[in-house]
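Read the sequence shown against this note's numbering and you will find it ends at 468, with the numbers running on by one and no gaps.
Take a look at the structure set out below.
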Amino acid sequence: MYLYSLAQYNTFTPFSRYGIGDVQDNTSAYQKAMGNTGMAIPADTTAPSFVNILNPASLSFIRLTVLEAGGNYYHTQILNKQNYKVQQKSVNFNSLILAFPIKKYSGFSFGLLPHSFVGYQIVQNENISNIGNVNYVYDGSGGLNKVYAAYGFSLSKYFKSDTTHRTFKQLIKNLSIGTNLYYLFGELAQTATVNYPSNTLYYHFVNDRRYRINGVTADFGVQTHIRLKDDNRMLCLGGVFSYPSKLKVFNDYIAYNFSYNYFGERYIVDTLLYAENEAGKLKLPPVIGGGVSYIVANKWGVNADIKYSDWKSFYLINSPTNVTNSVEVNLGAYYQPDRFAAGKNNYAGKIIYRAGMGYNSGYQEYQNKSVPAYAFSAGVSLPMGLYRAFSAMHISVQYIRRGNKNFVLRENILKVNI
């Protein structure tokens with residue numbers, strides 16, 4: 051039987067036990083509202099703009115300096131097959147990003163983002179003949195963060211305007227490319243404890259590990275688009291590729307037997323394993339993805355993205371893998387009644403409405419099965435500041451269901467992103 055107890059974690063999910071934890075999407079509330087789509091969406095050339103973290107090639111379209119800061123609120127409910135429930139609430143940092151144009155055809159961006167969160171405490175009880183009750187306790191905490199720098203530029207200036215009449219030439223002329231460089235750093239902690247509460251003949255056991263991780267990784271993106279019919283319609287295409295990366299790892303671990311004295315205080319009986327600063331490596335998988343967006347008259351648009359991650363190539367020193375390859379499919383749409391509305395009475399016309407949905411097959415294996423996740427989202431962008439033109443507050447709500455009744459564990463997550 052699986053039970054849970056609560057602690058202060060950035061995230062609280064038993065599915066963060068394996069791999070590098072619960073990997074974050076890093077998109078702003080702007081894109082989360084549209085199902086985390088956006089590989090093909092170019093940055094807006096008019097205010098209020100946004101930073102498309104999914105594809106660095108989009109920076110070639112940015113025309114204004116953009117500062118983004120975001121956070122989110124989690125309400126997580128975890129259930130087992132006996133419908134035992136545990137709920138956890140948390141508030142997390144999501145992003146701090148600055149982007150600005152460089153001349154006309156390029157842009158630069160840098161910022162701080164979370165990469166993954168680890169947070170769980172699982173208690174499993176078992177009754178073994180001739181031994182009695184045995185309690186297994188699994189704890190995990192920590193996560194990885196990243197500082198990034200991105201650059202994107204357009205090839206438009208290398209082509210004359212009279213080459214835009216044919217579809218193929220439009221695709222080439224409007225081609226943009228970009229790259230992200232990341233410096234990842236952080237610490238992951240994992241502890242497994244075995245207790246024999248009803249048997250004094252056995253010593254209790256602890257296996258404690260700490261992973262300090264740092265290193266550089268990168269990804270690459272491309273975008274292009276074509277104008278359709280009267281130029282009010284645009285078809286956008288995008289693709290991204292993340293390079294497989296090797297990061298440095300320094301591993302501390304200790305395994306020991308322990309008991310309790312007369313006062314209930316723990317003391318170590320004997321140390322079985324011990325090491326400090328054991329050097330190793332972390333292999334992150336290659337990721338490839340593509341997207342398409344159809345935009346009409348700067349008023350509404352629909353997006354579709356797909357992403358494949360080769361997690362079977364993942365490796366972390368002295369850690370069980372329990373991971374598998376994953377596929378993620380997302381759909382999204384937006385609508386803005388009147389983008390160029392002016393005056394106080396036309397505020398509602400400038401609000402942008404968004405909705406989306408997504409499916410992720412899951413990269414972590416639990417009970418020898420990948421754990422699928424289904425997500426639904428909606429949100430708005432509310433114009434703010436001078437003339438309601440240069441700033442906006444993006445708000446989105448996501449409902450995520452991970453696992454199903456076929457699993458011992460499943461979870462429901464409500465996220466509010468700003």
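Even for Gly, the Cβ is constructed at its ideal location relative to N, Cα and C.
Just so you know, these numbers come straight off a predicted model, no measurement behind them.
Coil, strand or helix - residue i by DSSP
i: ASN86; result: coil
i: TYR397; result: helix
i: ALA305; result: strand
i: TYR68; result: coil
i: PHE313; result: coil
i: TYR155; result: coil
i: THR374; result: coil
i: TYR198; result: strand
i: PHE218; result: helix
i: PRO433; result: strand
i: PRO106; result: helix
i: TYR80; result: helix
i: TYR208; result: helix
i: SER179; result: coil
i: SER369; result: coil
i: LYS419; result: strand
i: LYS331; result: strand
i: SER99; result: coil
i: LYS131; result: coil
i: LYS298; result: strand
i: SER411; result: coil
i: VAL458; result: coil
DSSP beta-bridge partners of residue i
i: ARG113; result: Note: ARG113 sits in no beta bridge, so no partner.
i: THR250; result: Paired residues: none, contrary to the question.
i: GLY288; result: GLN273, GLY341
i: ILE356; result: GLY340, VAL379
i: THR243; result: VAL187, VAL256
i: ASN538; result: Not covered by the structure: residue 538. The range shown for the chain is 51 to 468.
i: VAL346; result: ARG283, TRP350
i: LEU148; result: LEU117, PHE160
i: SER363; result: Per DSSP, none; premise fails for SER363.
i: THR321; result: TYR306
i: GLN448; result: SER427, LYS465
i: GLY169; result: SER191
i: ALA442; result: PRO433
i: ALA93; result: According to DSSP, which records beta bridges pairwise, ALA93 is partnered with nothing at all.
i: TYR403; result: TYR385, VAL430
i: LEU234; result: LYS196, GLY265
i: PHE390; result: Partner(s): none; PHE390 has no beta bridge.
i: PHE203; result: SER156, ILE227
Nearest-angstrom Cβ-Cβ length linking residue i and residue j, presumed shorter than 8 Å
i: ASN410; j: SER376; result: 6 Å
i: GLY71; j: LEU238; result: 7 Å
i: SER369; j: TYR413; result: About 14 Å; that fails the 8 Å criterion.
i: ASP269; j: TYR293; result: 7 Å
i: GLY193; j: SER166; result: 5 Å
i: VAL458; j: ASN130; result: 6 Å
i: LEU381; j: GLY69; result: Actually they do not touch by this definition, with Cβ atoms about 26 Å apart.
i: PHE99; j: ALA93; result: A small correction: the amino acid at residue 99 is Ser; Phe does not occupy that position in the sequence shown. Going by Cβ atoms, the distance from SER99 to ALA93 rounds to 6 Å, so yes, they are a contact pair.
i: GLN174; j: TYR186; result: 4 Å
Cβ-based neighbour list, residue i, same chain, cut-off 8 Å, excluding 5 preceding and 5 following
i: PHE308; result: TYR253, HIS254, PHE255, VAL256, ARG316, TYR317, ILE318, VAL319
i: LYS455; result: LYS131
i: SER363; result: PRO294, LYS333, PRO335, PRO336
heavy atom of the ligand NAP below 6 Å from residue i C-beta
i: LEU146; result: As far as ligands go, the structure on display features none, and thus does not contain the ligand NAP.
Contacting residues, own chain, Cβ-Cβ under 7 Å from residue i (five flanking each side not counted)
i: ASN282; result: VAL346, ALA347
i: PHE143; result: GLY121, PRO164
i: ALA79; result: GLY120, GLY429, HIS444, ILE445, SER446, ASN467, ILE468
i: TYR198; result: PHE160, GLY161, LEU163, ASN230, LEU231, TYR232
i: SER206; result: TYR155, LYS223, ASN224
i: PHE313; result: none
Chain D contact for residue i (CB, 7 Å cutoff)
i: THR241; result: The structure shown has no chain D; it contains just one protein chain.
Cut-off 6 Å between Cβ atoms - residues of its own chain near residue i, not counting five sequence neighbours on either side
i: PRO106; result: ALA200, GLY202, GLY228, THR229, ASN230, GLY271
i: TRP350; result: TYR385
i: ARG451; result: TYR424, ASN462
i: VAL337; result: SER292, SER359
i: TYR365; result: LYS333
i: LYS357; result: GLY339, GLU378
i: ASP388; result: GLY399
i: PRO422; result: SER411, GLY412
Specify whether the region 143-157 and the region 173-183 touch according to this definition: at least 3 beta carbon pairs, one from each stretch, less than 8 Å apart. Contact between the region 143-157 and the region 173-183 is absent, because fewer than three Cβ pairs lie under 8 Å.
Check whether the region 316-332 touches the region 75-94, counting contact only when three or more Cβ pairs, one atom from each stretch, lie closer than 8 Å. Under the three-pair Cβ rule at 8 Å, the region 316-332 does not count as touching the region 75-94.
For the 8 Å Cβ check, are there 3 or more pairs between the region 330-348 and the region 285-301? A contact exists between the region 330-348 and the region 285-301.
Is there contact here, the region 271-279 with the region 217-226, by at least three beta-carbon pairs under 8 Å? With contact defined as three or more Cβ pairs closer than 8 Å, the region 271-279 and the region 217-226 are in contact.
Taking 8 Å as the threshold, find out whether the region 296-304 comes into contact with the region 243-252 through three or more Cβ pairs. No contact exists between the region 296-304 and the region 243-252.
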